[in-house]
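Chemist:
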Amino acid sequence: MARQFSRDASTSTVSIQGSGNHYHACAADDDFDADFDPSILPPPDPWIDSITEDPMEAVQRSVCHRDGHWFLKLLQAERDRMEGWCQQMEREERENNLPEDILGKIRTAVGSAQLLMAQKFYQFRELCEENLNPNAHPRPTSQDLAGFWDMLQLSIENISMKFDELHQLKANNWKQMDPLDKKERRAPPPVPKKPAKGPAPLIRERSLESSQRQEARKRLMAAKRAASVRQNSATESAESIEIYIPEAQTRL
Numbered sequence: 026m027a028r029q030f031s032r033d034a035s036t037s038t039v040s041i042q043g044s045g046n047h048y049h050a051c052a053a054d055d056d057f058d059a060d061f062d063p064s065i066l067p068p069p070d071p072w073i074d075s076i077t078e079d080p081m082e083a084v085q086r087s088v089c090h091r092d093g094h095w096f097l098k099l100l101q102a103e104r105d106r107m108e109g110w111c112q113q114m115e116r117e118e119r120e121n122n123l124p125e126d127i128l129g130k131i132r133t134a135v136g137s138a139q140l141l142m143a144q145k146f147y148q149f150r151e152l153c154e155e156n157l158n159p160n161a162h163p164r165p166t167s168q169d170l171a172g173f174w175d176m177l178q179l180s181i182e183n184i185s186m187k188f189d190e191l192h193q194l195k196a197n198n199w200k201q202m203d204p205l206d207k208k209e210r211r212a213p214p215p216v217p218k219k220p221a222k223g224p225a226p227l228i229r230e231r232s233l234e235s236s237q238r239q240e241a242r243k244r245l246m247a248a249k250r251a252a253s254v255r256q257n258s259a260t261e262s263a264e265s266i267e268i269y270i271p272e273a274q275t276r277l
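Take any residue in the sequence shown, note its place counting from 1, add 25, and you have its number in our numbering.
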């Protein structure tokens, strides 16, 4: 029997393909577990499909209709996860006598997450609602929502790294790890050197070093571009979103 997929965000279930985790998009579900901690959830995958559907349904739903309903579910999942992190770290701050530097890291991470949810998450929710409103003018398209979500993911990833560092500190009894200890733990075992047999190994080594330098440059450029986008995204205002929508439409 084919299952019906509801678009009601208050009762629909979000499943993350590839992670094996299933959780509800909103706490209004009847079977919602009040003790469930959203902070343990992984980042949501850009696909919301059920891993239990039969092959025929998978073929019929191979092209996902990414409209405002779809992105609202993703947004709610991210909000639940980020709020869980904030609540956990605020609890750690209250229950433990932590040094000032650790408290500063906690306040920075929590403050950044709350600011993102209050500003960018709110702006994106408005765009999704306008996408679902046929009378909205200008009406954001699905491509507009996808582009804004991609930019939003950069800010989410940046905050996720802050909380990841806090979880590592907690696992280390809230003690900063010595940089020398980190190097010793991460240092790979020594590789025995083989005697050179001629110029061929030297050429291969130079080629390998050149390739590694090129890959390092590519990673550095990608990191700089991502940092630039994050900086621009952090200084956007409500007016910037109104400009962004027509620009995205002209590209279609």
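Note that beta-carbon positions come from the ideal geometry of N, C-alpha and C, so glycine has one too.
Within the same chain, show all residues whose beta-carbon is closer than 6 Å to that of L157, passing over the 5 residues directly before and after it, in chain order.
Modeler: So the qualifying residues of the chain are G93.
Chemist: Just to confirm, are R104 and F146 a CB contact at a threshold of 9 Å?
Modeler: Cβ distance < 9 Å, so R104 and F146 count as in contact.
Chemist: By DSSP, does D126 sit in helix, in strand, or in coil?
Modeler: Helix, per DSSP.
Chemist: Could you tell me whether the segment 188–205 touches the segment 122–129, where touching means 3 or more Cβ pairs closer than 8 Å?
Modeler: These segments touch.
Chemist: Thinking just about the alpha-carbon of each residue, which of G109, K130, R91 and E108 is nearest to the one in L191?
Modeler: It is K130 whose Cα lies nearest to the Cα of L191.
Chemist: Using a 10 Å radius around the Cβ and a threshold of 16 neighbouring Cβ atoms, would you call P163 buried or exposed?
Modeler: Per the 10 Å Cβ criterion, exposed.
Chemist: In or out: Q193 buried (at least 16 other Cβ within 10 Å) or exposed?
Modeler: Exposed, by the Cβ-count rule.
Chemist: Taking Cβ to Cβ, would you say A102 is nearer than 9 Å to K187?
Modeler: Not closer than 9 Å, so no.
Chemist: Does DSSP put M202 in a helix, a strand or coil?
Modeler: Reduced to three states, the DSSP call for M202 is coil.
Chemist: So C111 and A138 are in contact, right, with Cβ under 8 Å, and what is the actual spacing, rounded?
Modeler: Right, their Cβ atoms sit about 5 Å apart.
Chemist: Please report the straight-line C-alpha distance between S180 and R106, rounded to a whole angstrom.
Modeler: Roughly 14 Å between the two C-alpha positions.
Chemist: Report yes if the CB atom of S167 is closer than 9 Å to the CB atom of R91, and no otherwise.
Modeler: For S167 and R91, yes; Cβs fall inside 9 Å.
Chemist: In three-state terms, what does DSSP make of R164?
Modeler: The answer is coil: DSSP assigns R164 none of H, G, I, E or B.
Chemist: Using the three-state DSSP reduction, which class does N121 fall into: helix, strand or coil?
Modeler: Correct three-state label for N121: coil.
Chemist: May I ask you to report which of helix, strand or coil DSSP gives H94?
Modeler: DSSP places H94 in helix when its eight states are reduced to three.
Chemist: State yes or no: is the C-beta of C153 within less than 9 Å of the C-beta of L140?
Modeler: No; because the gap between Cβ atoms is not below 9 Å, this pair is not in contact.
Chemist: Where does the unbroken alpha helix (DSSP H) through N156 begin, and where does it stop?
Modeler: It spans K145 to L157 - the alpha helix (DSSP H) in which N156 sits, taken as one unbroken run.
Chemist: By the three-class DSSP mapping on this structure, what secondary structure does N197 have?
Modeler: Note: N197 maps to coil in three-state DSSP.
Chemist: Considering only the alpha carbon of each residue, which of E117, E155 and N121 lies closest to L97?
Modeler: The candidate whose alpha carbon is nearest that of L97 is E155.
Chemist: If you measure between the beta carbons of E278 and K195, is that distance less than 9 Å?
Modeler: Residue 278 cannot be examined here, being either before or after the span of the chain that is shown, 26 to 277.
Chemist: Please report the straight-line C-alpha distance between E115 and R132, rounded to a whole angstrom.
Modeler: Going by the C-alpha atoms only, they are around 8 Å apart.
Chemist: Check whether the Cβ atoms of R150 and L99 lie closer than 9 Å to each other.
Modeler: No, the pair does not count as a contact, with Cβ atoms beyond the cut-off.
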